[in-house]
Each structure stands twice: as structure tokens, then as C-alpha cells.
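Residues 2 to 190 in our numbering are what the sequence shown lists, from first letter to last.
Backbone N, C-alpha and C define an ideal beta-carbon position, used for all residues, glycine too.
Worksheet: one structure, shown below.
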Amino acid sequence: MALDWKQQAIEQLEFHWNMALRPRLEGLTDEEYLWEPAVGCWSVRPRGEAVTAMAMGQGDLVVDWDRPEPDPAPVTTIAWRIAHVACGVFGMRAANHFGEGGMDYDTVEWSGTAAGGVAFLDEQHARWIDGVRSLDDAGMAAPVGPTEGPWADAPMAGLVLHINREAIHHGAEIALLRDLYRTSTAEPA
2 MALDWKQQAI
12 EQLEFHWNMA
22 LRPRLEGLTD
32 EEYLWEPAVG
42 CWSVRPRGEA
52 VTAMAMGQGD
62 LVVDWDRPEP
72 DPAPVTTIAW
82 RIAHVACGVF
92 GMRAANHFGE
102 GGMDYDTVEW
112 SGTAAGGVAF
122 LDEQHARWID
132 GVRSLDDAGM
142 AAPVGPTEGP
152 WADAPMAGLV
162 LHINREAIHH
172 GAEIALLRDL
182 YRTSTAEPA
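The structure is reproduced here in C-alpha cells:
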């Protein structure tokens, strides 16, 4: 029996999405979404309050960003992590590989609310996973092309697995930030 690697990759991401990441976003408040657990956090914030030289966004809000990234990298808020997963992990790749391109950190109107950020994440996840489902074996084996820079010759299957890793990694960070917020704001027993 032949193993369907595309289906395995889809099931891996969807298991994480449905069992770990998406349920952990239920009940996310605006205060928690924007909570800065450390000094110097990167976040989504009004343009005039950006803390980085390369803050990006289409509207009144920007996401903090710098290149090269500082070492060590700054702690980020839940809002920043959701923005990164929605745009940089799912959205740009869905636009570049299954749409007409054109999405990047500068073209997005960021949400300053938890509900808006989660809705954007849901939308971009759906676009990405629907695109992956549309691929046949030849599509999974085809080179990803120039939108992936130095990885242009890598197979689409490699990008699919990379996106899974990114979603799992950053989803775990979001879950940890939720745990830290809950425990740091809890009333003593």
C-alpha cells in the first residue's frame, strides 16, 4: 500500500490546529492579546508607538520588525505571534503559491483586537490548507519557485513540512504566553 505523504502532512497540521492551537485561542482577551510580558517586546501597535525602525503595516497599526533581527531576539506578544503565523507563515505562502501573491507584512491592516487577530489567523490558515489539499503528487514534488528565495529549487512538500513546523513552534509559544499571562495575573490563593 502506497503512503500518501500529502495526506500525512495535512493530518499533522490539522491535528495540531484542531487539538492544540485553535482551542487555546478561545477566550483570548484584548488585554491578553497585547500583553507585554517583558521590557522591549515586539507587538502590534499604533504606528506612532512602533519600537523598531522597520515596523510594517498598511493602516494605523504596525507590527514591530527589524532586519537583521536582534540577537537575542526580543520577546513578542501574542498579537505579534498571531500576526506572524497568519501573515508570514500561512498568508504569504498561500498568496504566493495558491493565489495571486501580493501579501506581505507591509500590505496587511493589522488588528488591535484579539477577535480580529484570531479571525485573520483563521482565514489565512484556511487559505493555506485548502491550497495544500489542491495539490497532486506532481504539485508536491514541483520546485517552490522564486518566492521562496534561496529555497526556490526545494520541493513544495518541503515547504508544506516547514509550514507545519512553524505553526507547531509558534503555536506552542502562543500557548506558553497564555499560560504565563494567566498565572501572572491570577489572584494569590
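Give me the Cα-Cα distance between P156 and G150, rounded to the nearest whole angstrom.
As a first step, residue 156 must be located in the sequence shown, where it is residue number 155. As a first step, residue 150 must be located in the sequence shown, where it is residue number 149. Cα to Cα, the separation comes out at about 13 Å.
Taking the alpha-carbon of V109 as reference, which of M20, D67, V63 has the nearest alpha-carbon?
Mapped onto the sequence shown, residue 109 falls at position 108. For the residues M20, D67, V63, the minimum Cα distance to V109 belongs to V63.
On the DSSP bridge list, what partners appear for W43?
Within the sequence shown, numbered from 1, the residue matching residue 43 stands at position 42. T77.
Beta-carbon contacts of R134 that lie in its chain and below 7 Å, excluding the five residues immediately before and after:
Position 133 of the sequence shown, counting from 1, holds the residue named residue 134. Counting only Cβ-Cβ distances below 7 Å, and skipping sequence neighbours, we find I11.
Do three or more CB pairs link the segment 162-179 to the segment 50-61 at distances below 8 Å?
no
Based on the DSSP output, what are the partners of M57 in its beta bridges?
Numbered from its first residue, the sequence shown carries residue 57 at position 56. Paired residues: V64.
State yes or no: is the C-beta of V45 within less than 8 Å of the C-beta of W111?
In the sequence shown, counting from the first residue as 1, residue 45 sits at position 44. In the sequence shown, counting from the first residue as 1, residue 111 sits at position 110. Yes, the pair counts as a contact, with Cβ atoms nearer than the cut-off.
By Cβ distance below 7 Å, which residues in the same chain neighbour L136 in space, the five residues on each side in sequence not counted?
Position 135 of the sequence shown holds residue 136. So the qualifying residues of the chain are K7, M157.
Burial state of L4, where buried means 16 or more other Cβ atoms lie within 10 Å:
Within the sequence shown, the letter at position 3 stands for residue 4. Flag for L4 reads exposed.
What's the gap between the Cα of M104 and the Cα of G89?
Position 103 of the sequence shown holds residue 104. Position 88 of the sequence shown holds residue 89. So the two alpha carbons sit approximately 9 Å from each other.
At a cut-off of 7 Å, would you count A155 as near the ligand GDP, judging by its Cβ distance to the nearest heavy atom?
As far as ligands go, the structure on display features none, and thus does not contain the ligand GDP.
Distance check for W36 and A187, CA to CA, integer angstroms please.
Looking up residue 187 in the sequence shown gives position 186. Looking up residue 36 in the sequence shown gives position 35. Going by the C-alpha atoms only, they are around 14 Å apart.
Tell me, please, whether the segment 13-33 touches the segment 164-184 by the rule of three or more beta-carbon pairs shorter than 8 Å.
yes
Check whether L122 and I83 have beta carbons under 8 Å apart
Mapped onto the sequence shown, residue 122 falls at position 121. Mapped onto the sequence shown, residue 83 falls at position 82. Taking 8 Å as the Cβ cut-off, L122 and I83 qualify as a contacting pair.
With 16 as the cutoff for other CB atoms within 10 Å, does D65 come out buried or exposed?
The residue labelled residue 65 in the question sits at position 64 within the sequence shown. Buried, by the Cβ-count rule.
For the segment 138-187, list the alpha helix (DSSP H) runs that are entirely contained and at least 4 residues long, ordered along the chain.
138-142, 157-185
What residue from D138, V76, A139, P69 has the CA that sits closest to L177's CA?
Counting from 1 along the sequence shown, the entry for residue 177 is found at position 176. The shortest Cα separation from L177 among D138, V76, A139, P69 belongs to V76.
Span of the alpha helix (DSSP H) holding A87?
Counting from 1 along the sequence shown, the entry for residue 87 is found at position 86. Here A87 belongs to no alpha helix (DSSP H), and DSSP marks it neither H nor E.
Coarse secondary structure for D123, derived from DSSP in three states
What you label residue 123 is simply residue 122 of the sequence shown in a count that begins at 1. D123 falls in the helix class under three-state DSSP.
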